[in-house]
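For reference, the structure is listed below as structure tokens.
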Amino acid sequence: MRPKAVLIGMPGSGKTRIGGDVATLLDVEFRDSDIDIEDREGMKIPRIFEERGEAEFRRIEADVIIEALHGFDGVLSLGGGAPMTVRTRDELKRYIDAGGTVVYLDADPNEAIARASRSGNRPLLADGAAKKWRRLYAERHDIYVDLANLIAHTKGKTPMQAAQQIADTVNERVVHIDGLDPYDVRIGSHVVNHLADVLGEAPVRIALIHTTPVQRHSDRVRALLRRAGYEVSDITIPDAEAGKTVEVANGIWKRLGDEGFTRSDAVVGLGGGAATDLAGFVAATWMRGIAYVNCPTSLLAMVDASTGGKTGINTEAGKNLVGSFYTPKGVLADLTTLGSLPNDIFVEGLGEVAKSGFIEDTEILRVLEEHADQLRTFDPNTITPELEAVIAELIERTVTVKAHHVSTDLKEKGKREFLNYGHTMGHAVEKLEHFRWRHGNAVAVGMVYAAELANILGYIDRDLVEYHRSLLSSLGLPTSWNDGSFEDVLALMHKDKKARGNMLRFVVLDRPGHVVHLENPPADAVEEAFRRVQQ
0 MRPKAVLIGM PGSGKTRIGG DVATLLDVEF RDSDIDIEDR EGMKIPRIFE
50 ERGEAEFRRI EADVIIEALH GFDGVLSLGG GAPMTVRTRD ELKRYIDAGG
100 TVVYLDADPN EAIARASRSG NRPLLADGAA KKWRRLYAER HDIYVDLANL
150 IAHTKGKTPM QAAQQIADTV NERVVHIDGL DPYDVRIGSH VVNHLADVLG
200 EAPVRIALIH TTPVQRHSDR VRALLRRAGY EVSDITIPDA EAGKTVEVAN
250 GIWKRLGDEG FTRSDAVVGL GGGAATDLAG FVAATWMRGI AYVNCPTSLL
300 AMVDASTGGK TGINTEAGKN LVGSFYTPKG VLADLTTLGS LPNDIFVEGL
350 GEVAKSGFIE DTEILRVLEE HADQLRTFDP NTITPELEAV IAELIERTVT
400 VKAHHVSTDL KEKGKREFLN YGHTMGHAVE KLEHFRWRHG NAVAVGMVYA
450 AELANILGYI DRDLVEYHRS LLSSLGLPTS WNDGSFEDVL ALMHKDKKAR
500 GNMLRFVVLD RPGHVVHLEN PPADAVEEAF RRVQQ
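Heads up, the sequence shown is in numbering that gives the first Met the number 0, so the first residue is 0 and it goes up one at a time.
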């Protein structure tokens, strides 16, 4: 058990007021270490200072704080001088290492001094408050900054606005992607506010690539970027797969050239999976590679296209056959963008979520089963905090599965191919439907096909095949397809990225949560599995 957040800062910075609001937003208890000390010792803090001295007070304070760090799961506010004690500071560092959040409330000095002067419970500010406050600030500020893993600047904000920022950050989930160029995927409400921090100070110009349906989100991101001092080139592309073409990419390259983009500039991709795929491809190819950050706005993009470093465009030959492996500086999966998603676009993303459950993390399947009705009937106007927490968990788990595969195999030479469960058939469906079928829906059919093929060849039993069908159907995903010939599907399967020469290769299950490569299966089994998904 550990606190959700620990607040530090100067006297008068608002730790008690803001901390109480944070606790209310998180629906947890709030405690102030100064009040805990007074309750424990039976006297006010000025009297403890007077009768026992500051050194003894700091010892008591450290005891109280350490006890709370190990036995309290709410929001904890510390006295201004608490982090100056080495013992307390070391314990706070251990708390952070265990996943905790220490928030430094960096307040406007004049406001903080005025508030601190009105309090009669600050012995170190007994006389000459303003001068002493500034002296203490000079001593403590750098230590606060070095210690905290979240700095909340409160100037110009109401206490509730500052509290909302902290609560949003505390609720964030972060998945780290290892490899040659490691980066983080941040998941939570308002995580797009971290965009300038992820980009850093180096870029001058930002190409903001987005689609028309996400206009209100692009307006917000554009404002954030300009406020941070970047020059923003706004580039709107066609929605969905129509935006992933050579023609669209060429138009962006021309624009970047006309506007003088160099290797020191960057790209931000905002939108669904197609938009983030294209943005990454443009970043990978312009000047042989410039920095980019993905801000996915659909469930599918959050769990699939925006992470993993695969970028690409479609051609007449097939989907994603032209592209590059190129990692972003970061991914910001802002859950507030899901509030603008139509039901069908949200539901298709569940196909990729279920895939990660079938290939590795079976807890995903349990969560999907338990919440199938809520997820299938997703309504952007009625997202409850409970449903948002479920969606955040599913995204985190799915991205973690992807991280497990891409961290050791960025360029899809082995283990990463397991992420293509359901994709061999799924990509064929997309191509034959001229991309009128959404990716997650096609993958759902592809997973049923792969399960049928595995069953025919004795890898899995019939119950697991039927589980595929029942779970995917309960989520509102299709499990059959009847609009194409086997010959056309087979021809596209031979063009799949996993194929080797004339040899077909599939990813199939041999048990829940575990996948294997299936090479060169019998032709009659490949066709029989196709017949079964037509039913």
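Note that beta-carbon positions come from the ideal geometry of N, C-alpha and C, so glycine has one too.
For residue i, report the span of its beta strand (DSSP E) as first-last.
i: I344; result: Looking at the DSSP string, I344 is not in any beta strand (DSSP E); the run it does join, the alpha helix (DSSP H), is 342–358.
i: R86; result: Per DSSP, R86 belongs to no beta strand (DSSP E); it is in the alpha helix (DSSP H), 85–96.
i: S479; result: Looking at the DSSP string, S479 is not in any beta strand (DSSP E), and its letter there is neither H nor E.
i: G322; result: 317–324
i: I312; result: 309–314
Should residue i be labelled buried (16 or more other beta-carbon atoms within 10 Å of its own) or exposed?
i: E171; result: buried
i: V302; result: buried
i: Q533; result: exposed
i: M0; result: exposed
i: G271; result: buried
i: G457; result: exposed
i: E429; result: buried
i: F104; result: Residue 104 is actually Leu in this sequence, not Phe. The residue in question, L104, is buried, as its Cβ has 16 or more Cβ neighbours within 10 Å.
i: P341; result: exposed
i: H403; result: buried
i: N109; result: exposed
i: P384; result: exposed
i: S76; result: buried
i: R185; result: buried
i: S297; result: buried
i: H426; result: buried
i: I7; result: buried
i: P82; result: buried
i: N519; result: exposed
Under the DSSP definition of a beta bridge, which residues are partnered with residue i?
i: E37; result: BP columns for E37 are empty, so no partner.
i: Y182; result: I176
i: P295; result: G270
i: R396; result: R396 is not bridged to any residue.
i: E206; result: The identity of residue 206 in the sequence shown is Ala, whereas the question assumes Glu. Paired residues: S232, V266.
i: H516; result: V506
i: L149; result: V102
i: V330; result: V184, N293
i: G8; result: L104
i: K130; result: K130 pairs with nothing; no bridge assigned.
i: S76; result: L6, D31
So the candidates are the options; which of them puts its Cα closest to the Cα of residue i?
i: K309; options: A273, N342, T100; result: A273
i: L223; options: I205, F485, D26, D378; result: I205
i: D591; options: P202, R287, D238, L320; result: Shown here, the chain extends from 0 to 534; a query on residue 591 therefore has no answer.
i: V231; options: D218, K243, D238; result: D218
i: D177; options: G242, K328, W480, L508; result: K328
i: A113; options: G52, P10, L146; result: P10
i: T235; options: A81, E395, T211, L320; result: T211
i: L320; options: M492, E369, V63; result: M492
i: E486; options: T478, R468, V144, E526; result: E526
i: V173; options: P521, R437, T397, L517; result: T397
i: A248; options: W285, V346, P2, R221; result: W285
i: G13; options: E60, F434, D107, S473; result: D107
i: V442; options: V405, I390, R365, V346; result: V346
If you follow the alpha helix (DSSP H) that residue i is part of, which residue opens it and which one closes it?
i: D238; result: Where D238 is concerned, there is no enclosing alpha helix (DSSP H), given that its DSSP letter is neither H nor E.
i: L489; result: 485–492
i: I455; result: 438–455
i: K253; result: 245–257
i: S469; result: 461–473
i: T335; result: Careful: T335 lies outside any alpha helix (DSSP H) and carries neither H nor E.
i: L367; result: 361–369
i: F529; result: 522–532
i: G425; result: 422–431
i: M286; result: Segment: none, M286 is in no alpha helix (DSSP H) and carries neither H nor E.
i: H216; result: 214–226
Which runs of the alpha helix (DSSP H) at least 4 residues long sit entirely within the segment 17–73? Give them in chain order. Here the runs fully enclosed are 32–40, 44–51, 53–70.
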